[in-house]
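Below: one structure, written as structure tokens.
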């Protein structure tokens, strides 16, 4: 059994005394972290840049690449391949909706919200909700305009759903397809152009349409100033998301081509909003309500009806 003194802590001699006793001893030096200030500053600077990249949404980490690889693992003809595009959390959808409503200068919508997990769930249901919001609001607006006219009989216009669906889904899919093809073509000529995938562009366009849902509800109000105010606010908010997202992708291109691309994106966006407002919420119906019987209809009446 060991003695009690052997179990007590003992003070060891310093390195100089040990080396004096044994010249062949090998020593290991544990340096102070503060002894290499240049290395420490380099690590601190890299950490700071990493935090800035996370804040600006410029983090292309290995996790993102891993998730992207997992998304493309299944063959495209299987159901599992398309199922991954709808695998998104509720908080992610809400964050992307908030980002599309409240764009922040200097924040890239794709890198900050989309690139980690691009989805089709949000764009699909946002477009579907917008289609029914425009069609239903258009029917209600037409009913309120003609309310009180004795010769008016309300008939639901179901064709508005078909027309709205064609316009919205064509814009949300065909315009991103054309933009993706254009950016891919320009990327082959200008290597510094930022590259976006087709799914990322569709995701941006889909979430940018969310602001038009409450705007379409406000279009029910039979007041042109209210309608135009809501449409201008919606166009500015959603259009700024598109411009701030795709400007970094074309700013290194030729100056005229970059401006033409951004102008085309903004023009198509304005055309969709103004076209939906003018077609589904025509103010001329309120100014010129249908009369009881016009002269053309009177000429087509049978002689018996005219005699009566």
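Numbering (the numbering used here), first residue to last: 5 to 312. From the three backbone atoms N, C-alpha and C, an ideal C-beta is built for every residue, glycine too. Please read these numbers as outputs of a predicted model, since none were measured by experiment.
Beta-carbon gap between residue i and residue j smaller than 8 Å
| i | j | result |
| --- | --- | --- |
| residue 138 | residue 215 | no |
| residue 112 | residue 92 | no |
| residue 123 | residue 89 | yes |
| residue 204 | residue 118 | yes |
| residue 179 | residue 272 | yes |
Between the CA atoms of residue j and residue i - distance to the nearest angstrom
| i | j | result |
| --- | --- | --- |
| residue 128 | residue 172 | 10 Å |
| residue 193 | residue 187 | 10 Å |
| residue 110 | residue 82 | 39 Å |
| residue 140 | residue 132 | 12 Å |
| residue 266 | residue 254 | 8 Å |
| residue 264 | residue 99 | 31 Å |
| residue 134 | residue 217 | 5 Å |
| residue 181 | residue 114 | 16 Å |
| residue 96 | residue 116 | 11 Å |
| residue 219 | residue 249 | 22 Å |
| residue 136 | residue 276 | 16 Å |
| residue 258 | residue 176 | 27 Å |
| residue 229 | residue 145 | 15 Å |
| residue 108 | residue 260 | 26 Å |
| residue 233 | residue 94 | 31 Å |
| residue 226 | residue 236 | 17 Å |
| residue 84 | residue 125 | 15 Å |
### Query
Counting Cβ pairs, one atom from each stretch, are 3 or more of them under 8 Å apart for the stretch 233-247 and the stretch 146-165?
no
### Query
Going along the chain, which unbroken runs of the alpha helix (DSSP H) with 4 or more residues stay wholly within the stretch 118-155?
125-149
### Three or more C-beta pairs below 8 Å linking the stretch 198-205 and the stretch 161-169
no
### Task
Could you tell me whether the stretch 273-288 touches the stretch 167-186, using the rule of 3 or more Cβ pairs below 8 Å?
yes
### Task
Note down, one range per segment and in chain order, each alpha helix (DSSP H) of at least 4 residues found wholly within the stretch 225-258.
228-254
### Message
So within the stretch 156-215, which uninterrupted alpha helix (DSSP H) runs reach at least 4 residues, ignoring any that extend past its ends?
### Response
163-191, 202-212
### Task
Would you check if the stretch 203-221 and the stretch 88-103 touch, i.e. whether three or more CB-CB distances between them fall below 8 Å?
yes
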